[in-house]
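In this note's numbering, the protein residues as written are 66 to 303.
Down below is the structure, laid out as structure tokens.
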Amino acid sequence: MTDPIFEISNLTCGYGSQAIVKGVSLEIVSGSLVGLVGPNGHGKSTLLRAISGLIKIIEGTILLDGSIISGLSADKIVEKGIIHIPQGDMIFTELSVHENLLMGAYLPKAYSERLERLEFVSELFPILSARRNQIASGLSGGERRMLGVGRALMSTSRVLLIDEPSLGLAPIIIDQIYEVIHSLKESGRTILIVEENASRLMDLSDKICLLDDGHFVWEGDASDLMNNDVLMETYLGG
């Protein structure tokens, strides 16, 4: 059995004194894609924020390659190769597309390889190359989401934390985003993804974890989840 690259053990986290995620544990094998699904407001995005060092961990540990990273600052976690792609745009609207992408290559290694990385991102998202000099505020919603993903890929990424990549987008744009996610998985990146629409993960995920009220209540194959009427009706609205 392949050893996990990424381990979460008995993790409790939240905001102030309020625990949102409560005692969860998860192992992720290198190169796999794990999907987080469940009702809105029950801890999925909070878990990603805790992993990336953006909010307080109350209890538990996070390991990368066997080394503890929980408690590190967000910038140190990025240096370890864990990249968080949050919900929504989160771009610099007053900068050009090109300048936004370069903001993702601020670490020394990434900056030294910025030309190769720009070419890589342009191959994934040709529209960003075409919009290179455009101010980001003028992009469509789908183009902004592509820019956010592209900027994250300018860094040295081993583990990608992707939060609701399809949220609010037209189906054709969602298909394009998921084609890129599939390519990233095929290239060997390890991915933990929050997705409201579990069917999107059917042919892509190696494992699905269902989070409810801060606890994992089920995990297994996406097909098993989609065929379980009780789980779908209870937690995902049918």
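A virtual CB, placed ideally from N, CA and C, is assigned to each residue, including glycine.
When DSSP labels each residue in this structure, what does D268 get in the three-state scheme?
coil
Are V99 and K250 close, meaning C-beta to C-beta below 8 Å?
no
Return helix, strand or coil for H163, following the three-state DSSP convention.
helix
Assuming contact is defined by CB atoms lying nearer than 8 Å, are S110 and V214 in contact in what I supplied?
no
Report buried or exposed for V86, applying the criterion of at least 16 other Cβ atoms within 10 angstroms of its Cβ.
buried
Beta-ladder partner(s) of Q83, from DSSP
Y80
Since S187 and L180 should fall inside the 8 Å C-beta cutoff, what is the C-beta to C-beta distance between them, to a whole number of angstroms?
Not really, about 11 Å apart at Cβ, beyond 8 Å.
For P69, three-class secondary structure by DSSP:
strand
Counting only runs that start and end within the region 235 to 261, where is the alpha helix (DSSP H) found for 4 or more residues in a row?
236 to 251
Suppose you measure from the CA of N262 to the CA of D154; what does that come to, to the nearest Å?
19 Å
From I9 to I200, what distance separates their C-alpha atoms?
No answer is possible for residue 9: it lies beyond the span of the chain, which begins at 66 and ends at 303.
What did DSSP end up calling I120 once you bin it into helix, strand or coil?
I120 carries a coil assignment under DSSP once its states are collapsed to helix, strand and coil.
Give a yes or no on contact between the region 238 to 255 and the region 163 to 171, applying the rule of three or more CB pairs nearer than 8 Å.
no
Short Cβ contact (8 Å threshold) for L129 with F71
yes
For M267 versus S248, is the C-beta spacing smaller than 8 Å?
no
Nearest-angstrom Cβ-Cβ length linking G169 and R216, presumed shorter than 8 Å:
4 Å
Roughly how many whole angstroms lie between the Cα atoms of L172 and T77?
30 Å
On the CB-based measure, 16 or more other CB atoms within 10 Å of its CB, does A195 come out buried or exposed?
exposed
Mapping DSSP to helix, strand and coil, what is L189?
helix
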